[in-house]
Structure formats: C-alpha cells, structure tokens
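Everything below concerns the one structure shown next.
Protein chains: 2
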Amino acid sequence: VKSEFEWINRIRAASRRFSPDLVLGIGDDAAILKRPQGKWWLVTTDALFENVHFKVEYTPGKLLGHKSLAVNLSDIAAMGGTPRFFLLAIAVPDGFDEAYLDEFVTGMLETADKHTTVLVGGNVSASQSGLAITITVIGDCSAHMAARRDGAMPGDSVYVTGELGLSAIGLKLLQDGRRLSEELPPELERPILAHLAPQPRVAVGRFLAENRIAGSMIDLSDGLSSDLFHICEESGVGAVITAERLPVFDAGTVAQADLQQEALHGGEDYELLFTVRSEKVAELEAAQAQFPNVTFTCIGRITEETRRLYLEAGGRCELLEPKGYDHFKGR
Amino acid sequence: VKSEFEWINRIRAASRRFSPDLVLGIGDDAAILKRPQGKWWLVTTDALFENVHFKVEYTPGKLLGHKSLAVNLSDIAAMGGTPRFFLLAIAVPDGFDEAYLDEFVTGMLETADKHTTVLVGGNVSASQSGLAITITVIGDCSAHMAARRDGAMPGDSVYVTGELGLSAIGLKLLQDGRRLSEELPPELERPILAHLAPQPRVAVGRFLAENRIAGSMIDLSDGLSSDLFHICEESGVGAVITAERLPVFDAGTVAQADLQQEALHGGEDYELLFTVRSEKVAELEAAQAQFPNVTFTCIGRITEETRRLYLEAGGRCELLEPKGYDHFKGR
C-alpha cells in the first residue's frame, strides 16, 4: 500500500470538481461550503479505532467520548470556525461492555454541550474487531474568514499554542502501565490527560481567524514537523524552527523520553500552529492577555525555500524531516 | 448489549437540544439544517464494514465504491433532497490490495459524478481488521419540502418503488458461490447487481417531495417490515399490507427462497417506501409516465392502530412483526 498522503493526494486529484458552492475541498482541516448570508459551512470527519488510535484498557469511556468529538472540533478550530452540528457513526463488537458505551455517549454529549454543538444524525453497526468511531462535524465561519493552510508567506512568524509533546509523553506513560487513578503521582496526570482528553482550541482559533491574525493555520494532530510541512506544502514555502524556542513540556523526572524529539514529532497535541505577518505580530502579542490559559509562542519563521524545514539549534541549522504519524506505515 | 434501536433511542433522547438552525435531528434518514435563501441542508452518514456488510471475495472494488456512496444517496433521496457534497472516512488493513482501493475510488467517484455530488473531505487510517468505510453526505432541499418519516396519516395509501426482495436474493446467490462473471446465467445478474450496485432513487424522491405527493417517506434499507414500522412509529399510526399486491421479484427457478418472506423482511433494496393522501393518489398515478423505469406499487394503507402492522393474505389478516436487520443482533 502507498503511504496515506500519496493515497489522499491521489483521491484529491481524482475528485477535483467545480461546484459553485464549494470554496475549499480536500486538503485542509475542513471543507468550506459557501452559503449566502455571510456564513460559510465547515465540514470535517475523523475516526478513532480501538487498538489503532486507543486502547479500552487505559481509556475511560467518558474521555473516549470526549476525545472522539474533540479531535473533530480541533479541525473546526483550526479553520477559525464555530462547530454547530455533528454526526456519529459507530461500530460496536458483539458483547461489548454496555456501561462503557453509556459512558462514551455521556462524555461525547458533555463535550458537545460545552461547545453548543448538536448531534444531528449517525449510524450504528456491528464490528468484527474493535470499537470504531467516525464523527463528522459541521461548523460555520464568517464568509471569507476561514484560516486555511495555504496562506503562509516568507517572512511570517510561526506560532504555536500551549506546550508540545505532552500528549506523546502521556501515551508513553499509559503504554508503560500508568493509569488515571488515585495512585497516580499528580505530576503524571497532566500529560496523560493531554493524551486522553485533549482540549480543542475553538475560541482561540476563531479569534485568530476573525481578526485575520493567522495567515495560515492547522491543528497539531500528526506532530509539529508533519503539520508544519502540510502548511509549507500548501503554501509553497519553507520554514525554520528554533529549537530553544519550542515550548517543550518540562517533564522533570516524569518520563524517560527525548522531550525535544517528542515536541518536534509527537502527535495529538491538538494545539494550533499558525503563521503571522510581521504587521500583525503586535496585535497577537496584545491578544495574549485575553487568553490567560493558552500561551502563544513564536517558534520560527517562514522562508522561501519550498517544502524545506530546518531546525536551528545552538546556532547550527539542520534539515528537519517531517516524521509525524503516517496511519498506513506507523512511525 | 441492547439492540441497535434501543441504543439509538437512548442517544437520541440524551442528545435532544434546541438550536435555531436545526429542523430535524436524529430519527430520520437525514438531519435537516435550516438555512435562509429557501434551501435546507440535509446531512447523513452510513458505514460499510468488511465481513459485516460485504465480503471482498464477491464484491468488485468499483461496485463497493459505488455502493458505499449509493446507500447514503438513498438516504438523501428518501428525504426528497438533492445530494451536493460528501466526506469519506476509510480505514485500510495493512497490506490491503492497492488495485482494489483504486477501483473503489474510481467507482465511488463515477457514482458521485452521476449525481453531481462532490467529495469535500475525509480521513484515512489504518484498520486492525477489515476495510471500513464511513461516508457522510450533505444535500439540500427546498425549505419545508423534505419528506420525513412522521407524516403518515390513517387512510393514506402505502406505496413502494421497484421490486422487493431482489437484493436479499442476490446476497443468497453470492453466499451460494455465484459470482459476477461471464459464466453467470443472465437471469442471476439482476438480483446480484441489486445487492452489489443498488440504485438510489434520487430523482423519484425529489419529485415525490417537491410535489408534496409523499406525506412520509423512507428508503428500504432494513427491510419492508422494519422500515414501515419506522414510519408508523414516527407518525403514531399503524398499517395493513396486502400480500398479493407486493411487487415480489419473480425469481423463477433462480433461487431456493421464500420470495414473499424476502420481500417482507429482506434488506438493502434501497427502494422508496412512502405514503400518499387519497387526494394525491391520482397525481402519483399520472406521474408514473415520467418514470418509466421505476414502478410505483400501492401495497396497503395506513391505519389508526399505533405501531401495529398487519399482513392481509387470501382474505385473512395476521400480525406482521418487523423482522428487518438489527446490526447488533443479526436477523
């Protein structure tokens, strides 16, 4: 099998069609559907499969319900939109724990309520292997105001919200046998929750798009190097990242991990990665006060060298390969 | 695990929310989203899983691509809408046949083009078991003109398009080892194609809704008895079906099967089942000429006895249990 991205590109090329209502199709975090009255619809779909994306043994049902929706809300956030509606397609193995399913629904709907997003349909079927969840979210944004991946320009600053690598470290802790429980040392809770219960940056994303601060934007699902590469590919630019500036999670003695590597390549942080024109940087820095719980960090800049990423560390500059997750190939 | 419908009802009850843009959420073939400018959006999602809904050994890739989209288009047809956009979430096992996937995409896009429906997004991931396909379709209809399940009234005539039981017989033939090939006796091709390549009744559905001929409508996916029960449940009515009127597929010597049972309970015909007020029956019968390839057959009438189905045969009337497919329990 070809790589995931080759296959997506192939489908993308083969499916390109003109439609008066379609502003942007495959290739971004969500599709944009044009409608009159000053609003555009955003639609996105994402799936979580048992033993591929999560294991039941370390994932409480409520958090799985939350995360299944949250990863989709994060895509809407990365467009600068507001989630409105969603559909759930779920496949359940024979004999699956009913209480777990109830918890799943509860967690999903709690998160939906938090974002005033309404479940409007779906599909249930049997599964021959594990639990399989596919959610489609429909959101909207002001016309012409969606933050796409293709708007980065040489000279732009590259920003990221929050900390990087937290989710990857949380996953390692879970794989090492750590669990959310009373016995868990308190300092381990944050990375584990970052992995099991990521918080989509909906309000921040909307703010950055509506004020035209983010020239381009994406959410960090595959990992910084891969997701930055997506922006560079779509925008026809390159980027240089400064290692010392990365908001690396300070794990202390929490985990045996190369924290910088996790920050560069670890997936599923669901933070926002975005580019800012120089004339907009002051506006962004001023906006930091409005979002006291979400740090904006400048980690580098956009360059002219198409599809090339570099990492600057200790004054030296080396090529940075996009090494995020490929669902067909593993790491 | 509870039955599929119990679980759906539970999710439905737990997820009921007010939203000014939402006309109809869970419980019909598609959700209805209200938008100004005289159009409503319709969104629906449906999934096909390998070895649950299909087997690769008897399903050509192109036909699987077609069917994956067609079953969703059928839901839009059953609302009287026009499909516009769709999203594809697909999970692929390691080492899966690449040529088959290419055929899948080709078939899917051919059907999309036939219905001028545009793929606008999606998601690809690995699968630990078989191929898993979830498609979400977004369509629209004229405001207030969607044909819902809850509009049947006592005295209405019950109509169905096409023939019944064809798909179920096709599935039996496939399970008996018959395959689409040059050696296949020509009379077996029609039932097998009905199963592998169902034709969504989009034009008919739209006609019936826009002319307010269908007071209620559903597509036949679970089987006549189950789908009629869905209409009766949502409308608070019952129905009597006349066995002699059923457009049973005349299999001749084709298959050892109880053809009437397949017509009553066999799934996946993707024909339309709809109810017609007495004052609209003449208009429907006159419209038959416009659709020479799709027969409209009156098979019974709606009654006052809530949630009760009866089968009239040879002058006798007996209770008809909804026995369609429950994805959690099998037949």
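From first to last, the protein sequence lines are chains A and B.
Going by the numbering used here, the first residue of the first sequence is number 1, and it counts up by one from there.
Going by the numbering used here, the first residue of the second sequence is number 332, and it counts up by one from there.
The C-beta atom is built at its ideal place from N, Cα and C for all residues, glycine as well.
Is residue i close to chain A? Criterion is C-beta to C-beta, closer than 8 Å.
i, result
"B:Leu418", "yes"
"B:Ala477", "no"
"B:Asp481", "no"
"B:Asp377", "yes"
"B:Val374", "yes"
"B:Ala422", "yes"
By a C-beta neighbour count over all protein chains shown, 10 Å radius and 16 as the cutoff for buried, is residue i buried or exposed?
i, result
"B:Glu388", "exposed"
"A:Val116", "First, the residue type needs correcting, since residue 116 of chain A is Thr and not Val in the sequence shown. A:Thr116 is exposed by the Cβ-count criterion."
"A:His144", "exposed"
"A:Gln288", "exposed"
"A:Gly155", "exposed"
"A:Ser68", "buried"
"B:Leu650", "exposed"
"B:Asn454", "buried"
"A:Asn293", "exposed"
"B:Gln506", "exposed"
"A:Ser181", "exposed"
"B:Asp471", "buried"
"A:Arg316", "exposed"
"A:Asp227", "buried"
"B:Asp444", "exposed"
"A:Asp222", "buried"
"A:Asp94", "exposed"
"B:Gln617", "Correcting the residue identity first, residue 617 of chain B is Ala in this sequence and not Gln. Under this definition B:Ala617 is an exposed residue."
"B:Leu515", "exposed"
"B:Asp581", "exposed"
"B:Arg614", "First, the amino acid is wrong: residue 614 of chain B is Glu here, not Arg. B:Glu614 is exposed by the Cβ-count criterion."
Thinking just about the alpha-carbon of each residue, which of the options is nearest to the one in residue i?
i, options, result
"A:His195", "A:Leu131, A:Arg245, A:Glu271 and A:Pro154", "A:Glu271"
"A:Asp258", "A:Ala89, A:Lys172 and A:Asn51", "A:Lys172"
"A:Cys232", "A:Leu42, A:Pro185, A:Ile138 and A:Pro322", "A:Pro322"
"A:Ala313", "A:Gln261, A:Ser142 and A:Glu234", "A:Gln261"
"B:Leu577", "B:His475, B:Thr626 and B:Thr390", "B:Thr626"
"A:His230", "A:Arg307, A:Gln288 and A:Pro198", "A:Arg307"
"A:Val281", "A:Gly266, A:Arg301 and A:Leu220", "A:Arg301"
"B:Glu518", "B:Gln530, B:Ile500 and B:Val535", "B:Ile500"
"A:Gly165", "A:Ala203, A:Val276, A:Ser225 and A:Thr134", "A:Ser225"
"B:Tyr431", "B:Lys386, B:Thr573, B:Gly470 and B:Leu418", "B:Lys386"
"A:Glu244", "A:Ala263, A:Leu228 and A:Gly267", "A:Ala263"
"A:Ala337", "A:Asn51, A:Glu304, A:Phe291 and A:Asp113", "The requested residue 337 of chain A does not occur in the structure, where chain A is confined to residues 1 to 331."
"A:Thr111", "A:Phe274, A:Val92, A:Phe86 and A:Thr134", "A:Phe86"
"B:Arg532", "B:Glu520, B:Phe605, B:Ala422 and B:Ser609", "B:Phe605"
"A:Pro191", "A:Met108, A:Ala47 and A:Arg178", "A:Arg178"
"A:Ser125", "B:Glu614, B:Leu373, B:Lys370 and B:Ala378", "B:Ala378"
"A:Gly266", "A:Val92, A:Asp219 and A:Ala152", "A:Asp219"
"A:Ser157", "A:Ser278, A:Glu305, A:Asp102 and A:Leu284", "A:Ser278"
For the alpha helix (DSSP H) containing residue i, list its first residue and its last residue.
i, result
"A:Phe229", "Leu224 to Ser235"
"B:Lys503", "Leu497 to Gln506"
"B:Lys398", "Gly392 to Met410"
"A:Ala286", "Val281 to Ala287"
"A:Leu101", "Glu98 to Lys114"
"A:Arg206", "Val202 to Glu210"
Verify the CB distance criterion: does residue i have a CB-CB separation below 8 Å to chain E?
i, result
"A:Gln175", "In the structure shown, chain E does not exist; the protein chains are A and B."
Closest Cβ-Cβ distance between residue i and chain B: below 8 Å?
i, result
"A:Val160", "no"
"A:Gly25", "Any reading at A:Gly25 must be qualified, since the residue scores a pLDDT of 46, below 50, and its modelled position is unreliable; no value is offered."
"A:Val52", "yes"
"A:Ala243", "no"
"A:Phe49", "yes"
"A:Phe328", "The predicted position of A:Phe328 is uncertain, since its pLDDT is 48 and thus under 50; no value can be drawn from it."
"A:Val1", "Confidence at A:Val1 is low in this model, with a pLDDT of 44, below 50, so its placement is unreliable and the value that follows should be read with caution. Yes, its Cβ sits closer than 8 Å to a Cβ of chain B."
"A:Lys323", "no"
Terminal residues of the continuous beta strand (DSSP E) containing residue i?
i, result
"B:Asp453", "The residue asked about is misnamed: residue 453 of chain B is Gly in this sequence, not Asp. Unbroken beta strand (DSSP E) run through B:Gly453: Val449 to Ser458."
"A:Leu311", "Leu309 to Ala313"
"B:Asp487", "Neither: B:Asp487 is in no beta strand (DSSP E) and is coded neither H nor E."
"B:Phe380", "Lys370 to Phe380"
"A:Leu319", "Arg316 to Leu319"
Listed from N- to C-terminal order along the chain, which residues in the region 554-571 of chain B have their beta-carbon within a distance smaller than 8 Å of any beta-carbon of chain A?
none
Taking a Cβ distance cut-off of 7 Å, strictly less, list which residues of the region 449-476 of chain B are near chain A, in chain order.
Val449, Leu450, Val451, Gly452, Gly453, Asn454, Val455, Ser456, Ala457, Ser458, Gln459, Ser460, Gly461, Ala463, Thr465, Thr467 and Ile469
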